[in-house]
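Remarks on the structure that follows.
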Amino acid sequence: MVIKKINYYDVCKTFKEWLAKNEHRFYRKCKVRHYKTRGFLSIYFEDVTPEIFCSVIESGCIGVTVGVQFRRKIWDLLCDFDCNIKRAKNRKYYCSLCNEPLFYKTPQELLIDHSFEPFLEWVNSHFTSSHVLELRESGGGSTAALIIDTSLPDNLYAKSRAAFGTLLKELSDNDPTTIKNLNKIKTTVIPVIKGEMH
């Protein structure tokens, strides 16, 4: 008996086909490695610090994820371009995560427009020599990551930085025994483009 994979849309294959036609639009050269048996694809960008990872995911909420791995652990997710594909009564495809969904003839068109194209725009605007990766860690082991554009005023990031403190406070309020040394926040800054100092 053959078990058919439910809601399998060849996400990685679609990404590779799209990339073959659009690779020239990325400002940095990239290469991919497809882990077929594990259902994901890794994207590597030239000169981008290896702490930042980009993956195309084929299961669950599919699409592209950008995250940080630091000191051998997943530190934080920077952003994701998720797509939860559904088929409407009109036989067209839409993303059920959207408040006002758009309809597409094929799931591949939906993936490209909803996930791959926004990922390309994000990469081109964040993987530059003016950007740094700011990693924060509390004394209790909680972590957060943020990409900062050093060409912009630093106070633009105050709200994002404060959100980490708010999260730590909420964790402490819920279980004071698990979060220790909340006020001891260590910050590490890494240039997004390797070898370039800011």
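Heads up, the sequence shown is in the numbering used here, so the first residue is 115 and it goes up one at a time. Note that the Cβ used here is the ideal one computed from N, Cα and C, for glycine as well.
| Asked | Found |
| --- | --- |
| Identity of the residues DSSP links to P305 by a beta bridge | V246 |
| Cα-Cα separation, S244 to V306 | 8 Å |
| Delimiting residues of the beta strand (DSSP E) encompassing F233 | It is not in any beta strand (DSSP E) - F233 instead sits in the alpha helix (DSSP H) that spans E231 to H240. |
| Neighbour-count burial assignment, V116, 16 or more Cβ in a 10 Å radius | The predicted model places V116 with a pLDDT of 41, which falls under 50 and marks its position as unreliable, so this point remains unresolved. |
| Simplified DSSP assignment, three categories, for L155 | strand |
| For P215 and K203, the rounded distance between their alpha carbons | 14 Å |
| Pairwise C-alpha distance: E165 and R185 | 9 Å |
| Counted within 10 angstroms of its Cβ, other Cβ atoms place H240 as buried (16 or more) or exposed | buried |
| Presumed contact (8 Å Cβ cut-off) between W132 and F233, rounded CB distance | No, W132 and F233 are not in contact; Cβ-Cβ is about 10 Å, not under 8 Å. |
| Same chain, Cβ closer than 6 Å to C168, neighbours up to 5 away in sequence not counted | I157 and V180 |
| Reduced DSSP secondary structure (H/G/I, E/B, other) of W132 | helix |
| Residue closest to R201, alpha-carbon to alpha-carbon, out of F217, C144, T302 and W236 | F217 |
| Buried versus exposed, by CB contacts within 10 Å (16 or more), I188 | exposed |
| L225 classed as buried or exposed, judged by whether at least 16 other C-beta atoms fall within 10 angstroms | buried |
| C212 - partner residues in DSSP beta bridges | Answer is none; C212 lacks a bridge partner. |
| Where the alpha helix (DSSP H) containing L224 begins and where it ends | P221 to L225 |
| Coil, strand or helix - R186 by DSSP | coil |
| Unbroken beta strand (DSSP E) run spanning I299, endpoints | Element bounds for I299: n/a, residue is neither H nor E. |
| Spatially closest choice to I299 from L270, R250 and S265, by CA coordinates | R250 |
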